[in-house]
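Okay, so the sequence shown: first residue is 4 according to the working numbering, each after it adds one.
For each residue, glycine too, the CB sits at the ideal point set by N, CA and C.
Below is one structure; the comments refer to it alone.
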Amino acid sequence: MPTLNWIGKEAVINHHLQVPYRLIRSDDDASPGAAGAGNLLIEGDNLHALKALLPYYRSSIKCIYIDPPYNTGNQQWVYNDNVNSPEMRKWLGEAVGSEAEDLSRHDKWLCMMYPRLSLLRDLLRDDGTIFISIDDNEYSYLLCIMDEIFGRGNFVGTIVWKNVTDNNPTNISVEHEYVMCYAKRKDLLPPVWKSATLPVKDRLIEVGSDFINRYPDIQKRQETYTEWFRKNKSFLWPFDRYKYIDDGGIYTGSQSVHNPGKEGYRYDVLHPNGKPSTQPLMGYRFPWDSMQKLLNEKRILFGEDETKIVELKVYVQDYRSKLSSLFELDGRVGTNELKNIFPESKRPFDFPKPTALIEEILSFTTQGDDIVLDSFAGSGTTGHAVWKLNQQDRGSRRFILIEIDAQVARKITAERLKRVKASQSDSQLNLLDNEVPTPSFRYCHLDDPLFDEHGQIREVVTFSDLAHHIYFSETGVPLPKAVDGQRPLIGTANDVAYYLLWAGRGSVNVLDSVTLAKFKHAGPKVVYADKCRLTDSQLRRANVVFRQIPYSIKVN
Ligand SMILES: C[S@@+](CC[C@H](N)C(=O)[O-])C[C@H]1O[C@@H](n2cnc3c(N)ncnc32)[C@H](O)[C@@H]1O
Numbered sequence: 004m005p006t007l008n009w010i011g012k013e014a015v016i017n018h019h020l021q022v023p024y025r026l027i028r029s030d031d032d033a034s035p036g037a038a039g040a041g042n043l044l045i046e047g048d049n050l051h052a053l054k055a056l057l058p059y060y061r062s063s064i065k066c067i068y069i070d071p072p073y074n075t076g077n078q079q080w081v082y083n084d085n086v087n088s089p090e091m092r093k094w095l096g097e098a099v100g101s102e103a104e105d106l107s108r109h110d111k112w113l114c115m116m117y118p119r120l121s122l123l124r125d126l127l128r129d130d131g132t133i134f135i136s137i138d139d140n141e142y143s144y145l146l147c148i149m150d151e152i153f154g155r156g157n158f159v160g161t162i163v164w165k166n167v168t169d170n171n172p173t174n175i176s177v178e179h180e181y182v183m184c185y186a187k188r189k190d191l192l193p194p195v196w197k198s199a200t201l202p203v204k205d206r207l208i209e210v211g212s213d214f215i216n217r218y219p220d221i222q223k224r225q226e227t228y229t230e231w232f233r234k235n236k237s238f239l240w241p242f243d244r245y246k247y248i249d250d251g252g253i254y255t256g257s258q259s260v261h262n263p264g265k266e267g268y269r270y271d272v273l274h275p276n277g278k279p280s281t282q283p284l285m286g287y288r289f290p291w292d293s294m295q296k297l298l299n300e301k302r303i304l305f306g307e308d309e310t311k312i313v314e315l316k317v318y319v320q321d322y323r324s325k326l327s328s329l330f331e332l333d334g335r336v337g338t339n340e341l342k343n344i345f346p347e348s349k350r351p352f353d354f355p356k357p358t359a360l361i362e363e364i365l366s367f368t369t370q371g372d373d374i375v376l377d378s379f380a381g382s383g384t385t386g387h388a389v390w391k392l393n394q395q396d397r398g399s400r401r402f403i404l405i406e407i408d409a410q411v412a413r414k415i416t417a418e419r420l421k422r423v424k425a426s427q428s429d430s431q432l433n434l435l436d437n438e439v440p441t442p443s444f445r446y447c448h449l450d451d452p453l454f455d456e457h458g459q460i461r462e463v464v465t466f467s468d469l470a471h472h473i474y475f476s477e478t479g480v481p482l483p484k485a486v487d488g489q490r491p492l493i494g495t496a497n498d499v500a501y502y503l504l505w506a507g508r509g510s511v512n513v514l515d516s517v518t519l520a521k522f523k524h525a526g527p528k529v530v531y532a533d534k535c536r537l538t539d540s541q542l543r544r545a546n547v548v549f550r551q552i553p554y555s556i557k558v559n
């Protein structure tokens, strides 16, 4: 397979393996709502944050959406778009060395992205997908490194998002950007993605007088609709398209009674006024028996009179759509959404994505309590989109957001989530607010590495931190939640039991015959402790491998 080369590649290609494991600490004062909802906002460089997440979330993320700097070279943006921020310059100097001085802006961007994408792949579930927003500046380079990291066979496709109209056309007016998609293992994806929620264009977000005037019939039925929503625990409010209601729910009419192309079945379907309805041009697509069944089930929608061709009712709950390679939505929608949340600010954050774009992707690729990750969080659109989608389909998806810029993380990302959380209870969409899981998130900081420069465990490290780290470095998978907190047996994998004898830095924990006698596991055991008083033959007989703290702990 052809591969891309650039200055600095050698230095960064395995860099993610050298990044030290850091601790992630929750800042309770900055974290609204109850702990344990599973949503995280981490302030810090995503390279370190992603590595820190590995012992907890390896192969656990269902969908990653990222919107990295496009590398336009435009210094004016609130966030740094040309990978020239002091943090990035410092990191490049350390990771790439003196060569970093000579890097072009494309080299720098690739150096920045490669190790981060490698870690993102490790965090994805086998049936997970990653979507990356990008424009022409780096699209082709990104495609090459994604092929390298994810494998060409896992390329799923690219969505072209038409987001602007160019009123000052150049040779070719650029009126779009891209969202590139790869799977971790494409063979594990369903052959067709189906969304249980309506496509964005069919959702009416504003439930106001405007639509009531347009559909006077709905005005009469408003009470009934609300009842229907309550009964069906649904937040779908698809008045634009689904404008009828009967006992089966909200529906629209579809032309699928027509026989396409060749001559179909011919018979009369009587309109309620007693006259035969006009037949489709090529006849009906079902035989009379099927039509009769549909008529009995009241699945046929009649026109105003017999001159109209009948339609088949399509109920909201049966709606299935496709994720298309074309997405059309004015990019200013994102800016306006954010301005509504921050009315006091003229430009809270430049070029936030519209929640609808991310909702569209997530509605096809996630469900239930899947975890969504955005490691270039910006204004927090992904977190907002996750909450909105949960409201629509009663999901309990969780998110992890990472943002390097402390000002943005605190004043925009966190503040947006807080305001959205506060407003959700009186949102028009939230007819059943008391049934929606209360949105909350933990605001987190990246703490020190687990180990100091001499490989010693730092004082701040807790038993739980070390247990997660050891279990993960031994097994390659996160410590299961069900056993989190156990001691000294921290977990068992493939019939090997992992024990940790440790009571914090400075304590001396010894593996001796008294301790050994307490271990119930009959199979092989791996025991981490400061000292061992057992002989080699005693260890062999007891099926124990001793690992000395800290020297035998893998530090990165
Ligand atoms: C294009 S913006 C994302 C906008 C976001 N999608 C939204 O809708 O608001 C990119 C964001 O990534 C952040 N960023 C850049 N490098 C980063 C890094 N190494 N770690 C974490 N965040 C980073 C920037 O500070 C910026 O806020």
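For the 7 Å CB-CB criterion, Pro357 and Val336 form a contact. If only complete runs of 3 or more residues are kept, the segment 494-546 shows the beta strand (DSSP E) at 499-503, 528-532, in order along the chain. For Phe402, the enclosing beta strand (DSSP E) starts and ends at 401-406. Cβ-Cβ distances below 7 Å link Pro483 to Gly494 in the same chain, with the five nearest sequence neighbours on each side left out; the list follows chain order.
At a Cβ-Cβ threshold of 7 Å, Ala52 and Leu469 do not count as neighbours. Distances between the C-beta of Lys356 and the heavy atoms of ligand 1 include at least one below 6 Å.
Burial is judged here by how many other beta carbons sit within 10 angstroms of a residue's own beta carbon; Trp505 has at least 16 and is buried. Taking a C-beta distance under 7 Å as the contact criterion, Trp9 and Asp105 do not qualify as a contact pair. Within the DSSP bridge table, the entry for Trp164 names Glu180, Phe330 as partners.
Comparing alpha carbon positions, the residue from Leu123, Met183, Leu122, Leu127 closest to Leu145 is Met183. Secondary structure at Lys316: strand, using DSSP grouped into helix, strand and coil. For Leu44, the enclosing beta strand (DSSP E) has its first and last residue at 43-46.
For the options Pro193, Lys12, Gly479, the alpha carbon positioned closest to that of Ile148 is the one of Lys12. In the three-state DSSP reduction, Leu106 falls in the coil class, being neither helix nor strand. Boundaries of the beta strand (DSSP E) around Val375: 374-377. As computed with DSSP, Gln551 is found in a beta bridge with Ala532.
Leu298 sits exposed, since fewer than 16 C-beta atoms from the chains shown fall within 10 Å of its C-beta.
Per DSSP, the unbroken alpha helix (DSSP H) holding Lys296 starts and ends at 291-299.
Between Pro346 and the set Ser280, Ile415, Glu309, the nearest pair of CA atoms involves Ile415. The beta carbon of Lys187 sits closer than 6 Å to the beta carbons of Leu127, Asp129, Gly131 from its chain, once the five residues preceding and following it are set aside; these are given in chain order. Residue state for Thr255 is assigned as strand, using DSSP reduced to three classes. Taking 6 Å as the cut-off, the C-beta of Thr338 does not count as close to any heavy atom of ligand 1. For ligand 1, a non-hydrogen atom lies closer than 6 Å to the CB of Ile405. Residue side-chain check: Val464 keeps its Cβ at 6 Å or more from all non-hydrogen atoms of ligand 1. In the DSSP assignment, the residues bridged to His261 are Tyr287. Taking the Cβ of Ser382 as the reference point, at least one heavy atom of ligand 1 falls within a distance shorter than 6 Å. Residues Ala33, Leu44, Tyr446 of the same chain have their beta carbon placed closer than 7 Å to that of Ala417, with the five preceding and five following residues left out of the count.
The beta carbon of Phe379 sits closer than 6 Å to at least one heavy atom of ligand 1. With respect to Asn157, Trp112 sits apart: the two C-beta atoms are not nearer than 7 Å. Setting aside the 5 residues that flank it on each side, Thr368 is surrounded in the same chain by Cys66, Thr132, each with a C-beta closer than 6 Å to its C-beta; the list follows chain order.
Taking a contact as a CB-CB distance under 8 Å, the pair Glu406 and Glu90 does not count as one, their CB atoms being some 12 Å apart. Nearest to Asp138 by alpha-carbon distance, out of Glu178, Asp125, Trp390, Asp455, is Glu178. Around the C-beta of Thr538, fewer than 16 other C-beta atoms lie within 10 Å, and the residue is accordingly described as exposed.
CA-to-CA, the gap between Thr310 and Val317 works out to about 21 Å.
Annotated as proximal: Glu362 and Leu392, with beta-carbon spacing under 7 Å.
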